[in-house]
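Quick notes on the structure that follows.
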Amino acid sequence: MPNIEKNKIVENLTEKFKSCNGIYFTDYTGLDVKTITKLRKAFRANEVDYLVSKNTLTKIAAKNAGYEHKFDEILNGQIAIAYSEVDAISPARSIKEFLKENDKASLDVLGVLFEGELYPPEKYKEFADLPTKDVLLSKLLSALSEPMTKFSGTLNGAMQSLVVVLNNLKEKNN
Numbered sequence: 050m051p052n053i054e055k056n057k058i059v060e061n062l063t064e065k066f067k068s069c070n071g072i073y074f075t076d077y078t079g080l081d082v083k084t085i086t087k088l089r090k091a092f093r094a095n096e097v098d099y100l101v102s103k104n105t106l107t108k109i110a111a112k113n114a115g116y117e118h119k120f121d122e123i124l125n126g127q128i129a130i131a132y133s134e135v136d137a138i139s140p141a142r143s144i145k146e147f148l149k150e151n152d153k154a155s156l157d158v159l160g161v162l163f164e165g166e167l168y169p170p171e172k173y174k175e176f177a178d179l180p181t182k183d184v185l186l187s188k189l190l191s192a193l194s195e196p197m198t199k200f201s202g203t204l205n206g207a208m209q210s211l212v213v214v215l216n217n218l219k220e221k222n223n
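Residue numbers (our numbering): 50 to 223.
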């Protein structure tokens, strides 16, 4: 592979290491072409990219991104990287769902780079079980709007009570 192509790959990987909050290192040894195609299709459906590159180029990119020697233990064998620029948890959900549907698939997660920290392989399952960003935002909005709703209900109740009292006084005076 010419140096120009290698440099582009390293630049691309370096950018991904710097910009993506969730990067999942997987060992795809033993997966046949049909299974990998299914995996890539599942990833695309969830806006996840799946990239295979030489381990030496990945190590250079990791070093350029400030992760020198963090991935030395992980980057051995046939390694692919799953990441999403949209949702850092999406690759974990995609992997977990894929393995659930394809129980004979031998896709192993070797490590997770999440928010700049390297986590052990089993951590991806915990990430996969986290609620989506939309669910978290709706819960937050609900929690923030609940006191306002209660306050408005209290004011409404007080106003209605006042109207009832005034109507009773009016009828009493007539």
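The beta carbon of each residue, even a glycine, is placed where N, CA and C say it ideally should be.
Between which two residues does the beta strand (DSSP E) containing residue i stretch?
{"i": "ILE128", "result": "128–132"}
For the alpha helix (DSSP H) containing residue i, name the first residue and the last one.
{"i": "LYS55", "result": "52–68"}
Could you check the C-alpha separation between residue i and residue j for me, to the nearest Å?
{"i": "VAL135", "j": "LYS199", "result": "35 Å"}
{"i": "GLU96", "j": "ALA111", "result": "23 Å"}
{"i": "ILE109", "j": "PHE74", "result": "16 Å"}
{"i": "LYS153", "j": "ILE130", "result": "21 Å"}
{"i": "THR84", "j": "LYS188", "result": "37 Å"}
{"i": "GLN209", "j": "ASN216", "result": "10 Å"}
{"i": "ASP76", "j": "ILE138", "result": "19 Å"}
{"i": "LEU106", "j": "GLU150", "result": "32 Å"}
{"i": "ILE53", "j": "LYS182", "result": "38 Å"}
{"i": "ILE48", "j": "PHE66", "result": "Residue 48 lies beyond the residue range present for the chain, which begins at 50 and ends at 223; the question has no answer from this structure."}
{"i": "VAL184", "j": "GLU117", "result": "36 Å"}
{"i": "VAL212", "j": "LYS221", "result": "14 Å"}
{"i": "PRO170", "j": "ILE72", "result": "12 Å"}
{"i": "GLY79", "j": "GLY115", "result": "32 Å"}
{"i": "ASN223", "j": "PRO196", "result": "41 Å"}
{"i": "LYS219", "j": "SER191", "result": "41 Å"}
{"i": "LEU193", "j": "ASN205", "result": "19 Å"}
In terms of DSSP beta bridges, what is residue i paired with?
{"i": "ILE72", "result": "TYR132 and LEU162"}
For the region 75–108, list the beta strand (DSSP E) runs that are entirely contained and at least 3 residues long, ordered along the chain.
98–101
Complete alpha helix (DSSP H) runs within the region 141–209 (minimum length 4 residues, chain order):
172–177
Check whether the region 90–98 and the region 139–157 touch, using three or more Cβ-Cβ pairs below 8 Å as the test.
yes
Would the region 117–133 count as touching the region 174–182 if we require 3 or more Cβ pairs under 8 Å?
no
Does the contact criterion of 3 or more C-beta pairs under 8 Å hold for the region 185–202 versus the region 152–159?
no
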